[in-house]
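Visitor: Under the numbering used here, the residue at position 210 of the sequence shown is numbered 1501, and the numbers go up by one with no gaps.
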Amino acid sequence: MASNKKAKVASVVTAMGLLFSSTALFAQESANSDLDSCVRQKQVITTVKGSVVGALAGVAGGLFGGNNKKDAVTGAAIGAVVGGIAGFATAYYTAIDSCYKENPSWIPESNLQRTKDYNKVKRETHYKPKQGVLLRVESVKVAQPVKAGDFAEVDSAFIVMTPDGAEIPVTIERKLFVVDDKGEQTEVPFPGHATSEQHTFEPGEQQDTVRIPIPHDAKPGSLYSMRFSVAAGDKPPVDMTQQFAVTQ
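Shown next, in the form of structure tokens:
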């Protein structure tokens, strides 16, 4: 009797894993065929893991809750669906981040450049040396339109000023979030870049440009949020957040 129960539960877990495997196979087609293949393979593994973990949680709830075998099988099915859907939200960015780490040459070009010198920013901000280190995020802009299967190009501008015009180490932090229908945010790996990086800059304005890949199967209206922050000296981090949606 117990063996039959285990066999039925195992069948449900396997079936749900296959369901999400077939769904994930149609996700993200990249212009780079090697990257595309890598992402699809890793996304399948991530999604199946989520569905299996969810299924096992459902089984545990049914068996250890004192319910009958029908409830256990039903719980497994519901758990698999919940686990699969929850995992699918981050499967793409987890997969592409892994592929980028294994193949750095696939990472899309980024750019970090000085856009205004010390004297120009000093005039524009009326900066005085007695202010000490001045740090401010000026803007975070996302080029439009943002298309599924393409890249979202994000330009983040910030200023850093020092009393004597000397160079200063600045810590840059970028975070990416997926926003659901309820407005709740789920952080996903920032593709191709470390979450936190330190650079030494001459005082003035700097612009950071990164390209964020968008899943091929992202639906119009899919919402993302990019948070950019900088910190220097003994100043607390300053940040700015910009949301953007898939338009086509």
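All C-beta atoms in this analysis are idealised placements derived from N, C-alpha and C, irrespective of residue type, glycine included.
Just so we're clear, the structure is a prediction, and the values are computed from it rather than from any experiment.
Jot down the residue ranges of each uninterrupted alpha helix (DSSP H) in the segment 1390–1473, minimum 4 residues, whole runs only, in chain order.
Guide: Those alpha helix (DSSP H) runs which fall completely within the segment 1390–1473 and span 4+ residues are 1409–1416.
Visitor: Identify which residue in Asp-1441, Phe-1442, Ile-1450 and Ser-1430 has its Cα closest to the Cα of Glu-1415.
Guide: Within the sequence shown, the letter at position 124 stands for residue 1415. It is Ile-1450 whose Cα lies nearest to the Cα of Glu-1415.
Visitor: Distance, Cα to Cα, Thr-1281 vs Val-1470?
Guide: Outside the shown range of the chain, which is 1292 to 1539, sits residue 1281, and nothing can be said about it.
Visitor: How many Å lie between Ser-1513 and Glu-1475 at the Cα?
Guide: Within the sequence shown, residue 1513 is the residue found at index 222, counting from 1. Within the sequence shown, residue 1475 is the residue found at index 184, counting from 1. Their Cα atoms are separated by approximately 13 Å.
Visitor: By Cβ distance below 8 Å, which residues in the same chain neighbour Ala-1523 in space, the five residues on each side in sequence not counted?
Guide: On the sequence shown, residue 1523 is found 232 positions in, with the first residue counted as 1. For Ala-1523, where only same-chain residues beyond five positions count, the Cβ hits under 8 Å are Val-1424, Leu-1426, Val-1451, Ile-1459, Pro-1460, Val-1461 and Thr-1462.
Visitor: What separation, rounded to the nearest whole angstrom, lies between the Cα atoms of Val-1431 and Tyr-1384?
Guide: Walking along the sequence shown from the start, residue 1431 turns up at place 140. Walking along the sequence shown from the start, residue 1384 turns up at place 93. Computed Cα separation, rounded: 21 Å.
Visitor: Can you give me the C-alpha to C-alpha distance between Asp-1530 and Tyr-1409, rounded to a whole angstrom?
Guide: On the sequence shown, residue 1530 is found 239 positions in, with the first residue counted as 1. On the sequence shown, residue 1409 is found 118 positions in, with the first residue counted as 1. Taking the straight line joining both Cα atoms gives about 21 Å.
Visitor: Could you tell me if Glu-1488 is buried or exposed, where buried requires 16 or more neighbouring beta carbons within 10 angstroms of its beta carbon?
Guide: Translated into the one-based positions of the sequence shown, residue 1488 becomes position 197. Glu-1488 should be labelled exposed.
Visitor: Give me the DSSP bridge partner(s) of Thr-1239.
Guide: Residue coverage of the chain in this structure runs from 1292 to 1539, which leaves residue 1239 outside it and unanswerable.
Visitor: Compare the C-alpha of Pro-1436 against each of Gln-1334, Cys-1329 and Ala-1536 and name the closest.
Guide: Residue mapping note: residue 1436 aligns to position 145 of the sequence shown, counting from 1. The residue with the shortest Cα to Cα distance from Pro-1436 is Ala-1536.
Visitor: Give the DSSP-derived three-state secondary structure of Val-1537 in the structure shown.
Guide: For the purposes of this step, residue 1537 is identified with residue 246 of the sequence shown, where counting begins at 1. The answer is coil: DSSP assigns Val-1537 none of H, G, I, E or B.
Visitor: In whole angstroms, what separates the C-alpha of Gln-1534 from that of Gly-1456?
Guide: Stepping through the sequence shown from its first residue, residue 1534 is reached at position 243. Stepping through the sequence shown from its first residue, residue 1456 is reached at position 165. One C-alpha to the other measures close to 34 Å.
Visitor: Hey, is the segment 1399–1413 in contact with the segment 1491–1506, meaning 3+ C-beta pairs nearer than 8 Å?
Guide: Because the criterion of three Cβ pairs below 8 Å is met, the segment 1399–1413 and the segment 1491–1506 touch.
Visitor: Out of curiosity, what's the CA-to-CA distance linking Val-1412 and Lys-1419?
Guide: Working through the sequence shown from its first residue, we reach residue 1412 at position 121. Working through the sequence shown from its first residue, we reach residue 1419 at position 128. Near 11 Å, if we compare the C-alpha coordinates of Lys-1419 and Val-1412.
Visitor: Buried or exposed for Asp-1388, going by 16 or more other Cβ atoms inside 10 Å?
Guide: Locating residue 1388 in the sequence shown gives position 97, counting from the first residue. That one is buried.
Visitor: Rounded to a whole number of angstroms, what is the C-alpha to C-alpha distance between Ala-1434 and Glu-1400?
Guide: Your numbering for residue 1434 matches position 143 in the sequence shown. Your numbering for residue 1400 matches position 109 in the sequence shown. Approximately 15 Å, taken between the alpha carbons.
Visitor: Look at the Cβ atom of Phe-1481, then the Cβ atom of Arg-1465, and state whether they are nearer than 7 Å.
Guide: Taking the first residue of the sequence shown as position 1, residue 1481 is located at position 190. Taking the first residue of the sequence shown as position 1, residue 1465 is located at position 174. Yes, the pair counts as a contact, with Cβ atoms nearer than the cut-off.
Visitor: Which residue comes first and which comes last in the beta strand (DSSP E) that contains His-1490?
Guide: On the sequence shown, residue 1490 is found 199 positions in, with the first residue counted as 1. Taken as a continuous stretch (DSSP letters only), the beta strand (DSSP E) holding His-1490 covers 1487–1492.
Visitor: So Ile-1503 is in the beta strand (DSSP E); what residue range does that whole segment cover?
Guide: For the purposes of this step, residue 1503 is identified with residue 212 of the sequence shown, where counting begins at 1. Taken as a continuous stretch (DSSP letters only), the beta strand (DSSP E) holding Ile-1503 covers 1495–1504.
Visitor: Looking only at C-alpha atoms, which of Gln-1539, Thr-1532 and Asp-1525 sits nearest to Thr-1453?
Guide: Walking along the sequence shown from the start, residue 1453 turns up at place 162. Comparing Cα positions, the closest option is Asp-1525.
Visitor: Kindly indicate which three-state DSSP category Ala-1523 falls into: helix, strand or coil?
Guide: Working through the sequence shown from its first residue, we reach residue 1523 at position 232. Looking at Ala-1523 - three-state DSSP - the assignment turns out to be strand.
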